Amino acid sequence: MSLLELLRLAMSRLRTSRMRAALTMLGVIIGVASVVALVSVGQGTTSSITTRLSALGTNLLTISPTNNTTTNKLSLDDATAIAALPSIGGVAPEISTSLTVLAGTTSTSTTVVGTTPAYPTVRAYDVWQGSFLTDASLAGNLRVAVLGATTAANLGLGASDIGTRISVGGLPFQVIGILQPKGGSGFQNPDDMVIVPIGVVQKYFVSGDTVRTIGVSVSDPAEMSNATTAITALLRDRHDLASTATADFNVFDQTQLLAAASSITETLTLLLGGIASISLIVGGIGIMNIMLVSVRERTREIGIRKAVGARGRDILAQFLVEALTLSLLGGLIGIVVGLVVSALIGQLAGWGFTFSPATVAVAVAFSLAVGVVFGVWPARQAARLDPITALRYE
Amino acid sequence: MTGVASDPAGEPAGDPAADAIISLDHVRRVYDMGHVEVPALDDVSLRVDPGEFVAIVGPSGSGKTTMMNIIGCLDRPTGGVYRLAGTPVADLDDDGLARLRSRTIGFVFQSYNLLPRTSALDNVATPLLYQGVSRSDRTARATAALERLGLGDRIHHEPTELSGGQQQRVAVARALVTEPALILADEPTGNLDSHSGADVMAVLRELNASGSTIVLITHDPEVASSAARQIHLRDGRVVS
Chain A
1 MSLLELLRLA
11 MSRLRTSRMR
21 AALTMLGVII
31 GVASVVALVS
41 VGQGTTSSIT
51 TRLSALGTNL
61 LTISPTNNTT
71 TNKLSLDDAT
81 AIAALPSIGG
91 VAPEISTSLT
101 VLAGTTSTST
111 TVVGTTPAYP
121 TVRAYDVWQG
131 SFLTDASLAG
141 NLRVAVLGAT
151 TAANLGLGAS
161 DIGTRISVGG
171 LPFQVIGILQ
181 PKGGSGFQNP
191 DDMVIVPIGV
201 VQKYFVSGDT
211 VRTIGVSVSD
221 PAEMSNATTA
231 ITALLRDRHD
241 LASTATADFN
251 VFDQTQLLAA
261 ASSITETLTL
271 LLGGIASISL
281 IVGGIGIMNI
291 MLVSVRERTR
301 EIGIRKAVGA
311 RGRDILAQFL
321 VEALTLSLLG
331 GLIGIVVGLV
341 VSALIGQLAG
351 WGFTFSPATV
361 AVAVAFSLAV
371 GVVFGVWPAR
381 QAARLDPITA
391 LRYE
Chain B
1001 MTGVASDPAG
1011 EPAGDPAADA
1021 IISLDHVRRV
1031 YDMGHVEVPA
1041 LDDVSLRVDP
1051 GEFVAIVGPS
1061 GSGKTTMMNI
1071 IGCLDRPTGG
1081 VYRLAGTPVA
1091 DLDDDGLARL
1101 RSRTIGFVFQ
1111 SYNLLPRTSA
1121 LDNVATPLLY
1131 QGVSRSDRTA
1141 RATAALERLG
1151 LGDRIHHEPT
1161 ELSGGQQQRV
1171 AVARALVTEP
1181 ALILADEPTG
1191 NLDSHSGADV
1201 MAVLRELNAS
1211 GSTIVLITHD
1221 PEVASSAARQ
1231 IHLRDGRVVS
């Protein structure tokens, strides 16, 4: 018998018991839908975390003091020395403090960051309007400010307000630029800040000449670990640390965090998929159950078919194709349901909808496998029935 | 009674003519009931030639059903040789039996044994399905068979929408659609009222008249009287 004939038989059978077929498929539908949806959620989380982390700056090394500020020895001179090392793209030392900012009568409380002109390169910011700090404004300790997108919006300032005066911590500053928004990364809004020359912060707001962090961008991603080693050696030397002493600073590699985060979310995706596939197995057992009942109920039909010339393998094929039709139809409906659910979740979570053909292929293969694994046994039972007994079965 | 078996039912052993449709040579069928062996058929020999209309008659327990199963290739003898259309069935495996059945025999059962929730047309076409006949040929041949039995206007009806007599005529159509060498009818009138029963018997006589070989198995002497030859079974043996 051709596959087409077998499919025709299976479809006409499913049509005569629609309710039962639908309920049997429901198990597979739920199983496949949850695999597709959960894997897609996992992938969405992964890509969302990766995008957010890389938005913080690629090829970024962050140097910060180990413990607290009392032992902090990081200085502007350290930053200058690092800049002289090979394969360093930019060095941006930072000091930050929280201050009130006023534009006219509108006020907001925000982070004031003192840094150098290399900051946009290192932290991956773009200037939207106006310009960023220059070497001249740094050298002259000019009271100029670049606003983060959120801060500008909070103060009611827009493109036409470049050059306007605002008050930062009680002192007048001139707005020279507004940054492109980066988008929230959850724990801290990277667009809510005011950037001023680092010397200005040291002069008016934070005493001492230590810096909070030094951001370093490495010109070549392949040089990340070499740069880390070079910076560590340089700073140990500059801080007069004995070779046995623990460092009083940390060199933190952004890519390591990225790798760790994606490996965690990938494991999570696998775990979610694994849990979901348990429900697929349960769905398969549902198919097997109904097929066994069906073989019993249709014993007489099997006897008749054998009497009119069906061979064991014809009966086997008929029941197997029925089970496969159930599982494959369920699988296809499950994929559609799963994609709709993951699109909805993606919409709500804001990472959009990513269609993954691999997941769909795996889901189809899985539901076929479920049909075969759980369909073979009942089909063999049917094929082995003795026609005499089967014909007499009531 | 007409056609009382005048010739001996048992043919001379060792002379299974190649052109006989059915040839049983000292066939035994013993059921193994744990410790006891029950012989259902005991040393039965007979032959049926093409074009014959033979009734196998006997009370219940005489071995009729076993005979039917063996002739129908649903069961194998435990001793002796059975040849169907010249093929010794002992040499065949289950698939071989199924193929032989499919090519050679059309069954008519007492309880019709039509596939439920399946139209008369698809029921009649089912044997052709297992012979690998194409769908359009199946439909044409099944329609022709149903029309031959006067059911041309019922081809899309399901068994539950047909009377007993009509169902049995569908079953007869299914038996003859493959143009088998032999139509094997097991109590074909057993579930029918006398009118429908006579109708089905008339159909069988008509088929025989147009060349079909028919073996009828029944307990009812009146039904058996339709046949040209009667073989009487008692306690697993041919008595006349």
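Line order of the protein sequences matches chains A and B. Counted the way our numbering counts, the first sequence spans residues 1 to 394. Counted the way our numbering counts, the second sequence spans residues 1001 to 1240. Don't be surprised by glycine CBs; every beta carbon is placed ideally from N, CA and C. None of the values given here were measured: they were computed from a predicted structure.
Check                                                                                                               : Outcome
Own chain partners of B:VAL1004 with C-beta closer than 7 Å, once the 5 adjacent residues on each side are dropped  : Any reading at B:VAL1004 is ruled out, since the residue's pLDDT is 41, under 50, leaving its predicted position unreliable.
Contact check, A:ASP192 vs A:THR106, beta carbons under 8 Å                                                         : no
Contact with chain B by A:MET25, beta-carbon distance below 8 Å                                                     : no
Opening and closing residue of the alpha helix (DSSP H) in which A:PHE319 lies                                      : 312–349
Between the CA atoms of A:PRO357 and A:GLY44 - distance to the nearest angstrom                                     : 14 Å
Proximal residues of chain A, C-beta to C-beta of B:ASP1153 below 7 Å                                               : Those do not exist, as B:ASP1153 stays about 22 Å from chain A at its closest Cβ, beyond 7 Å.
Presumed contact (8 Å Cβ cut-off) between B:GLN1168 and B:PRO1159, rounded CB distance                              : B:GLN1168 to B:PRO1159, Cβ: 11 Å. No contact.
Within chain A, the residues that B:LEU1129 reaches when beta carbons sit closer than 8 Å                           : MET1 and GLU5
Top-ranked residue by Cα proximity to A:ARG296, from A:SER367, A:LEU272 and A:LEU385                                : A:LEU385
Three-state secondary structure assigned by DSSP to B:GLN1110                                                       : coil
Coarse secondary structure for B:GLU1011, derived from DSSP in three states                                         : At B:GLU1011 the pLDDT is 44, less than 50, meaning the model places this residue with poor confidence; the figure from the coordinates comes in the next sentence. It is coil, neither helix nor strand.
C-beta neighbour in chain A for B:ILE1231, strict 8 Å                                                               : no
Contact set for A:TRP377: own chain, Cβ-Cβ below 6 Å, skip 5 residues either direction                              : none
Candidates B:ASN1069, B:LEU1024, B:ALA1040 and B:GLY1034: closest to A:PRO387 by CA position                        : B:ASN1069
Boundaries (first-last residue) of the beta strand (DSSP E) holding B:TYR1082                                       : 1079–1084
Spatial neighbours of A:HIS239 in its chain, beta-carbon cut-off 7 Å, leaving aside the 5 residues before and after : LYS73 and ASP248
Within-8 Å CB hit, A:PRO378 to chain B                                                                              : no
Bridge-paired residues (DSSP) for B:ARG1029                                                                         : B:LEU1041
Residues in the stretch 5–19 of chain A having any Cβ partner in chain B nearer than 7 Å                            : GLU5 and THR16
Helix, strand or coil at A:GLY90 [DSSP, three-state]                                                                : strand
Cβ-Cβ separation, B:PRO1127 to A:VAL293 (assumed contact under 8 Å), whole Å                                        : Their Cβ separation, rounded to whole angstroms, is 27 Å, which puts A:VAL293 and B:PRO1127 out of contact at 8 Å.
Supposed contact pair B:ALA1181 and B:ILE1021 - C-beta distance, whole angstroms, cut 8 Å                           : 5 Å
Same chain only: Cβ atoms within 7 Å of B:SER1060, ignoring 5 sequence neighbours per side                          : HIS1219
Other residues of its chain near A:ASP135: CB distance less than 7 Å, five sequence neighbours each side excluded   : PRO117
Outcome for A:SER160 when other beta-carbon atoms lying within 10 angstroms are tallied against a minimum of 16     : exposed
Distance between A:ALA103 and A:ILE408 (C-alpha atoms, nearest Å)                                                   : In the structure as shown, chain A begins at 1 and stops at 394. Residue 408 of chain A is therefore absent and cannot be evaluated.
Burial state of A:GLY338, where buried means 16 or more other Cβ atoms lie within 10 Å                              : buried
Proximity to A:ALA383 [Cα-Cα], best of A:GLY158, A:SER48 and A:ILE315                                               : A:ILE315
Same chain, Cβ closer than 7 Å to A:ALA259, neighbours up to 5 away in sequence not counted                         : none
A:ALA363 vs A:VAL32 beta-carbon contact at 8 Å                                                                      : yes
Contact between the stretch 255–275 of chain A and the stretch 12–32 of chain A (3+ Cβ pairs under 8 Å)             : no
Contact with chain B by A:ILE304, beta-carbon distance below 8 Å                                                    : yes
Proximity to B:ASP1235 [Cα-Cα], best of B:ARG1117, B:ARG1028, B:HIS1157 and B:GLY1063                               : B:GLY1063
Candidates A:ILE29, A:ASP209, A:SER167 and A:ARG20, of which the one nearest A:ILE333 by Cα                         : A:ILE29
Beta carbon proximity, B:GLY1094 to chain A, threshold 8 Å                                                          : Reading off the sequence, residue 1094 of chain B comes out as Asp, not Gly. It does; some Cβ of chain A falls within 8 Å.
Contact set between A:ILE388 and chain B, taken where Cβ atoms lie within less than 7 Å                             : ASN1069, LEU1074 and ASP1075
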